[in-house]
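The next block holds one structure in the form of structure tokens; read it before the comments.
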Amino acid sequence: MTTTVVASVAPAESTRGAEVTTPRRRVPAWLGLISFGAYVVLFLAIPAVLAVASGFFDGAGDFTFANFAAYANPTILQNFVASLWISALTAILGAVLGAIICFALLGTRSDRMLRSTVDSASSVLAQFGGVMLAFAFIATIGVQGVLTKWLVSIGITPNVFTNFNSNGPLLYQIPGLVIPYLYFQIPLMVLTFMPAMEGLKSTWAEANATLGGTRFTYWTRIGMPILAPAFFGSLILLFANSFSSYATAAALISQGGIIPLAIRQQLTSETIVGVANVAGVLALGMVVVMIILMTAYSALQRRASRWRR
Amino acid sequence: MSASSVSAAEVRAPRLAASRPGSAQKTPRYAAAPSRLTRWIILGVTGVLFIIPILAMIEFSLRVGQTGTYGFEHYAAIFTAGQAGTYDVLFQGILNSIGICIVTVAIVLVLLLPTMILVELKYPKLRGALEFICIIPITIPSIVLVVGFIPVYSVVARIFGSNAWTLAFAVGIIVLPYAYRPIAANLAAVEVVTLSEAARSLGASWGHVLWRVILPNLRSGILSACFITIAVVLGEYTIASFLSQNTFQTALVLVQHTDPYVAVIFAVFALVFAFILLLVIGRLGSLGRNRRAA
């Protein structure tokens, strides 16, 4: 850490020395930062501020807090609760199952085919899936899906996939989202938790063995306590990921049900609540949740990095 | 980056040494790594669970109507119906996505990359700020940004028209965290400052330094950033659907309502394409590591 700081400070001075001979250089260098800065302001800062601020204005453009009455609406509240429990459930399941897969990958070489395959497959599912994951599950557990048809063919006609909670096909209801969501949550866990898992030093296992410990004591006394902050950090990341994901749900469900879908309803037609800019109010609610999550995440991340030297 | 591979090597080495005395169980009893059997049971079960939906998509795409027979009718239909214009929206969407890909990659190469190099060389104090800016888009859900993009794009449409490629400005923001990481990792591994110092003292101009010294050293990071950008752009749905642009993903959703088979065929191809793209990134990364280690 210290070496990089030293390395970057010393040459900065000598390049400044070079600039003295050619003063024209300073202007283009500065402009380089300006163009990127302008882009970020125009397409990140302004949209983010507009999204959150729009919740504070009424239809006539006057400042108001009245829009927050939207959160008193039972439908909106239900959506928020559904968003939270779907995120919590898929985060916990995804984190546990993902951690088990990371454990299985422990001791495999990161430059071998197995790891490259797992890494790429995880990235595809975690970052690229979206709409296509929805299609995959329409083909698997949808009304005409392979598993559904197989269950029907062996005689289980009204099965969990065709009629869940006597409310129609499982896949097109909010609880049905859990299954496709796990297919991007588990891969994300593998991606984020594997580096921490690989940080376990073999010397700790040897020390444990020398002191007469078993593999069980190794995991309960050394492995798990050391990995705990990283595990909970990844868990938070998974929660945030499922809380903010939209594409999979949008491709499966055409009404509301979770907050991103409620925002869609608000943006396409102003129907649910009788106040203006509900989309902005909901966006603010999401941002507040994300800020809480990210603060907790960075705290845990600092705690986790203590052992990574 | 290098630290993690070193620790991985440390984990490996004693295992190999300890497993040599030919016990039936390859892994020593005290090691953290699971036994071979445990590993393959876990990986086997997850592998099967994760391949089922993909196989289901392939099975689904081969169905001929409701009759229960299989054939390549739906694949053939893509080509025969091409003239009839049935899937025009899908092909147009793919073309639009490719256009957005090109502009987004250009944004990464023209705006992000020079800024990162500049910060590394001349403004090292801004490195933390740049990293923070590039991570922000992960913490703001796309659906929230969309609420703000709608008014911004009413202005953008007035300047550039409502062409599909203008979406690249918004997607470029979504891509920032993914494009930033590989380039930053590469910058950290290469002593850019020392290299450019050396080149300058040997009489190279800044243009030469950039083109002949810095960029070749950042090749694997830049390539990874470009590939991941392409993958993210091809998979982007939220922004495109709200800004009413026809891209690959929005077209898939449209086609899915009229012809689910064709939508599934294209989805499988896209998933496989992205998988190969990311596999190549992985290989690029490990090639870079090997070269540095040697």
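Listed in order, the protein sequences are those of chains V and W.
Using the working numbering, you'd call the opening residue of the first sequence number 76 and step up by one each time.
Using the working numbering, you'd call the opening residue of the second sequence number 846 and step up by one each time.
For each residue, glycine too, the CB sits at the ideal point set by N, CA and C.
Here the structure is a predicted model, which is why all the values come from computation and not from measurement.
query                                                                                                                                                     : result
Since F1120/W meets chain V, which of its residues come closer than 7 Å, beta carbon to beta carbon?                                                      : S195, A196, V199
Assuming N154/V and G287/V form a contact by the criterion Cβ under 8 Å, report the distance between their Cβ atoms to the nearest whole angstrom.        : With 8 Å as the limit, N154/V and G287/V do not qualify as a contact, their Cβ atoms being about 55 Å apart.
Tell me, to the nearest whole angstrom, how far the beta carbon of A166/V is from that of F314/V; I am working on the premise that it is less than 8 Å.   : 4 Å
For H919/W, is the classification buried or exposed, using 16 other Cβ atoms within 10 angstroms of its Cβ as the cut-off for buried?                     : buried
With a cut-off of 8 Å on the beta carbons, I'd call V116/V and I978/W a contact; round off their distance for me.                                         : With a Cβ gap of about 10 Å, V116/V and I978/W do not count as contacting.
Here's the rule I'm using: 16 or more other beta-carbon atoms within 10 Å means buried, otherwise exposed. How should I903/W be labelled?                 : exposed
Using a C-beta to C-beta distance shorter than 8 Å, which residues of chain V count as neighbours of L1099/W?                                             : Result: empty, since nearest Cβ-Cβ is about 11 Å, beyond 8 Å.
What does the Cβ neighbour count give for D137/V, buried or exposed, with the cut at 16 atoms within 10 Å?                                                : exposed
Locate the alpha helix (DSSP H) running through V955/W, then write down its first and last residues.                                                      : Looking at the DSSP string, V955/W is not in any alpha helix (DSSP H), and its letter there is neither H nor E.
Between F905/W and chain V, is the shortest Cβ-Cβ distance under 8 Å, so that the two count as touching?                                                  : yes
Kindly say whether L246/V, judged by its beta-carbon, lies nearer than 8 Å to any beta-carbon of chain W.                                                 : no
State yes or no: is the beta carbon of G355/V nearer than 8 Å to at least one beta carbon in chain W?                                                     : yes
If you draw a straight line from the alpha carbon of A128/V to that of A1033/W, how long is it in whole angstroms?                                        : 38 Å
Nearest to I939/W by CA position, among N1062/W, N1091/W, T1074/W, T891/W, is which residue?                                                              : N1091/W
Who are T925/W's beta bridge partners in DSSP?                                                                                                            : Answer is none; T925/W lacks a bridge partner.
Find the residues of chain W that neighbour T215/V, judging by a C-beta separation of less than 7 Å, and give them in chain order.                        : I897, P898, A901
Verify the CB distance criterion: does L119/V have a CB-CB separation below 8 Å to chain W?                                                               : yes
Are there three or more Cβ pairs, one per stretch, closer than 8 Å when the region 994-1009 of chain W is compared with the region 370-380 of chain V?    : no
What are the boundary residues of the alpha helix (DSSP H) that W885/W is part of?                                                                        : 881-907
Mind checking if A1076/W is an interface residue toward chain V, Cβ cutoff 8 Å exclusive?                                                                 : yes
Is the region 166-180 of chain V touching the region 267-276 of chain V, taking contact as three or more C-beta pairs under 8 Å?                          : yes
Using beta carbons (cut-off 8 Å, strictly below), is S987/W in contact with chain V?                                                                      : yes
Measure the Cβ-Cβ separation of L1012/W and I1084/W and say whether it is below 8 Å.                                                                      : yes
What does L956/W touch in chain V if you count any residue whose Cβ is under 8 Å from its own?                                                            : S110, F111, Y114
Look up F140/V in the DSSP assignment and say whether it is helix, strand or coil.                                                                        : coil
What residue range is occupied by the uninterrupted alpha helix (DSSP H) comprising I985/W?                                                               : Element bounds for I985/W: n/a, residue is neither H nor E.
Which residues in chain V have a C-beta closer than 8 Å to the C-beta of I887/W? List them in chain order.                                                : I175, I176, F178, A179
If you count every other CB in all the chains shown that lies within 10 Å of the CB of S847/W, and 16 or more means buried, which is it?                  : Confidence is the limiting factor: at S847/W the pLDDT is only 40, short of 50, which leaves the residue's position unreliable, though a coordinate-based value still follows. Burial call: exposed.
Report yes or no: is there a C-beta of chain V within less than 8 Å of the C-beta of F994/W?                                                              : yes
Can you have a look at L368/V and say buried or exposed, based on whether 16 or more other CB atoms are within 10 angstroms of its CB?                    : buried
Can you find at least 3 beta carbon pairs, one from the region 196-208 of chain V and one from the region 1086-1102 of chain W, that sit closer than 8 Å? : yes
Out of I886/W, G889/W, G910/W, V1016/W, which has the shortest C-alpha to C-alpha gap to V991/W?                                                          : V1016/W
Do the CB positions of I985/W and E1081/W come within less than 8 Å of each other?                                                                        : no
Is it buried or exposed for P898/W, if we count other Cβ within 10 angstroms and need 16 for buried?                                                      : buried
Pick out whichever of R1128/W, L956/W, L975/W, L888/W has its Cα sitting closest to the Cα of V964/W.                                                     : L975/W
Taking 8 Å as the CB-CB limit, is N242/V close to chain W?                                                                                                : no
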